[in-house]
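Okay, structure first, notes after.
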Amino acid sequence: MKLLAIETSCDETAASVLHDGRTVLSSIVSSQIAAHAAHGGVVPELAARMHLENIAAVVDAALQPLPGGWDDIDAVAVTRGP
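Using this note's numbering, the letters of the sequence shown map in sequence onto residues 551 to 632.
Okay, here's the thing in structure tokens:
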């Protein structure tokens, strides 16, 4: 079973693909640290906007190791809230 896990609860947009819940096939992280540094901390509205800008590319990169891409994914897990 291959699981696509997506994390967007704070200031990083991340996606990983796991095989059988144990083997990490990919782990992609797009950090927003530099964008928030000027504000002295995480700005939720900015973080949300940046997640929208980054999520497609992050997920696409996480799927790269899979020959069938989305067709190889059996389940998707996402964060729900911060």
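Just so it is clear, CB atoms sit at the ideal spot from N, CA and C, and this is done for glycine as well.
Taking C-alpha atoms, which residue in the options lies nearest to residue i?
{"i": "Leu631", "options": "Met551, Leu553, Asp561, Gly619", "result": "Per the sequence shown, residue 631 should be read as Gly rather than Leu. It is Asp561."}
{"i": "Ser581", "options": "Gly619, Gly618, Met600", "result": "Met600"}
{"i": "Ser655", "options": "Val609, Gly619, Val628", "result": "Since the first residue shown for the chain is 551 and the last is 632, residue 655 is missing from the structure and cannot be characterised."}
{"i": "Val605", "options": "Thr563, Gly590, Gly618", "result": "Sequence inspection shows Ile at residue 605; the Val mentioned does not correspond to that position. Checking every option, the nearest Cα to that of Ile605 belongs to Thr563."}
Distance, Cα to Cα, residue i vs residue j?
{"i": "Lys552", "j": "Ile623", "result": "5 Å"}
{"i": "Ile583", "j": "Pro615", "result": "27 Å"}
{"i": "Ala565", "j": "Ala627", "result": "10 Å"}
{"i": "Val634", "j": "Ser559", "result": "A question about residue 634 goes unanswered here, because the residues of the chain that appear run from 551 up to 632."}
{"i": "Ala585", "j": "Thr629", "result": "22 Å"}
Locate the alpha helix (DSSP H) running through residue i, then write down its first and last residues.
{"i": "His601", "result": "594-613"}
If you follow the beta strand (DSSP E) that residue i is in, where does it begin and where does it stop?
{"i": "Ile578", "result": "573-581"}
{"i": "Ile556", "result": "552-557"}
message: I want to know whether the region 591-605 touches the region 567-576 - three or more CB-CB distances under 8 Å.
response: no
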